[in-house]
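So the sequence shown is numbered by the numbering used here: it starts at 1 and just counts up by one. Idealized CB from N, CA, C, for every residue including glycine.
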Amino acid sequence: MLDSVFSTLYNSYTELTVPLFLLLMLSALVLGALEALVYRRNNPCTRSFAVTLAMLPAVVSVIILMVSGSIGAGVAVAGTFSLVRFRSAPGSAKEIAAVFIAMAIGLACGMGCPGLAALFTLIMCGVELLYSRIGFGEEKDNLQKTLSVTLPESLEYSEIFDDLFAEYTTEAKMTRVKTTNLGSLNRLSYDITLRNPGTEKALIDAIRCRNGNLEVSIGCRMPEINEL
């Protein structure tokens, strides 16, 4: 089942037949749709991203079929793929992983191994469902926040919140300092990891007592591409 269909349906001296091409395309589309459905079930995403995941394996498999045996065409396609990142918006680590899975499915189908592609899809979808059900890494993500604090320009901010961070967080790192309101205020940004869930309000109230009741906000930390 995992052998290449090339060895059974045609050999290296015959051209790619229409039935074989349709078989590979259908396999890639079905497996891509399965991967997209599983991803969308466990992760919020746009309709366009789900459609892209469903179609990407078929696109990759066609490219592999067209460049098979041609070194020059393979180099040209590799250069084309390297330019895609400059025309794409930055995505989260989950989105990048999903795109790589879809490309791997397409590669397997393009090499004439739909059985291997199906087995790979089932394994990866099963792993994704398992991780989603057990909440793998979810607790830490919920504790990682971005804190923004506004201070009067006259206050020294370097160590003003150290005792609060020691009480409410396990990690706190200043990431940015920005002046605002014609330099009369400083806006500080921190990446923090809360010690316990549900302590955001207590931390905000404590900070307001230090910054003169100016603006304080806590939000979810945005994922970065290099987290993959």
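Express the C-alpha separation of residue j and residue i in angstroms, rounding to a whole number.
| i | j | result |
| --- | --- | --- |
| asparagine 226 | cysteine 109 | In this predicted model, asparagine 226 has a pLDDT of only 40, less than 50, meaning its place in the structure is not dependable; the value taken from the coordinates is given anyway. Near 29 Å, if we compare the C-alpha coordinates of cysteine 109 and asparagine 226. |
| lysine 145 | phenylalanine 161 | 16 Å |
| isoleucine 101 | arginine 221 | 25 Å |
| leucine 194 | isoleucine 218 | 11 Å |
| methionine 124 | valine 51 | 18 Å |
| alanine 104 | glycine 126 | 16 Å |
| threonine 170 | arginine 133 | 26 Å |
| threonine 175 | glutamate 159 | 14 Å |
| leucine 119 | asparagine 142 | 33 Å |
| proline 44 | glutamate 95 | 10 Å |
| threonine 199 | tyrosine 168 | 7 Å |
| alanine 206 | asparagine 181 | 24 Å |
Rounded to the nearest angstrom, how far is the Cβ of residue i from that of residue j, given a contact under 8 Å?
| i | j | result |
| --- | --- | --- |
| alanine 172 | tyrosine 157 | The pair is not a contact, with the Cβ atoms about 13 Å apart (cut-off 8 Å). |
| arginine 208 | serine 148 | No, arginine 208 and serine 148 are not in contact; Cβ-Cβ is about 13 Å, not under 8 Å. |
| leucine 31 | threonine 121 | 4 Å |
Tell me, please, which residues DSSP counts as bridged to residue i.
| i | result |
| --- | --- |
| proline 152 | Leu185 |
| glutamate 171 | Thr193 |
| cysteine 220 | Lys145 |
Can you have a look at residue i and say buried or exposed, based on whether 16 or more other CB atoms are within 10 angstroms of its CB?
| i | result |
| --- | --- |
| isoleucine 192 | buried |
| glycine 183 | exposed |
| glutamate 128 | buried |
| threonine 150 | buried |
| lysine 37 | This sequence places leucine at residue 37; lysine is not what is there. Result: exposed. |
Quick check: the stretch 18-33 against the stretch 109-120, are there 3 or more CB pairs under 8 Å? yes
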